[in-house]
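Working notes, structure below.
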Amino acid sequence: MSTPEVRIAVEDPATDDVVALLSEHLADMHATSPAESVHALDVRALRAPHVTFLAARDHAGALLGVGALAVLGPDHGEIESMRTTPAARGRGVAAAVLARIVDLGRERGLARLSLETGTQDFFAPAHRLYERHGFVACGPFGSYRSDPHSRFYTLALADA
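Residue numbering for the sequence shown follows the working numbering, starting at 66 and increasing by one per position.
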């Protein structure tokens with residue numbers, strides 16, 4: 066999705082402003098969750114061939130937010146590294162990035178998208194975002210294990 070206010074495109078996560086936002090993201094994850102419960106990806110992991118990394122920018126090119134789609138298998142994808150800049154929060158950027166990731170999943174023929182997020186109050190806005198877009202709670206998927214600090218969501222793309 067791209068609008069005059071927000072352009073979402075595939076980018077290299079090693080771009081300086083993206084690295085800064087991802088560093089902030091990782092710092093917040095470590096500040097709110099025990100280390101063994103932090104599953105956020107670093108730049109190296111986000112550059113893997115099975116990951117499509119997206120950046121949302123305004124008309125002047127300023128970074129507004131990021132997100133990624135990691136393909137887990139022939140019919141299953143995972144949403145990774147959703148984050149908006151402090152200045153962009155509450156402006157619909159996260160919803161636009163999420164919508165683009167869902168569209169990418171459909172374009173790639175995936176049957177469902179899943180994600181892991183935290184359980185602390187810090188993550189309440191993320192929970193509301195995902196639930197508002199049709200994601201439902203589910204159990205651990207892929208290599209995740211049950212963890213009191215993790216909440217899992219999934220979306221059947223045929224239903225969305």
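Note that beta-carbon positions come from the ideal geometry of N, C-alpha and C, so glycine has one too. Nothing here was measured: the structure is a model prediction, and the numbers come from that model.
Out of L222, R210 and E70, which has the shortest C-alpha to C-alpha gap to G199? L222
For G142 and T80, the rounded distance between their alpha carbons: 24 Å
R156 by DSSP, collapsed to three states: which one? coil
Kindly indicate the opening and closing residues of the beta strand (DSSP E) around H192. First-last for H192: A189 to R197, but that is the alpha helix (DSSP H), not the beta strand (DSSP E).
Quick one: give me the first and last residue of the beta strand (DSSP E) that A133 is part of. L128 to G138
Can you tell me which of the three DSSP states A223 falls into? coil
Ordered along the chain, which non-local residues of its own chain (more than five positions away) have a Cβ less than 6 Å from that of T184? H214 and R216
Under three-state DSSP, which class holds M66? The pLDDT assigned to M66 is 44, lower than 50, so where the model puts this residue is not dependable; a value taken from the coordinates is nonetheless given after this. The answer is coil: DSSP assigns M66 none of H, G, I, E or B.
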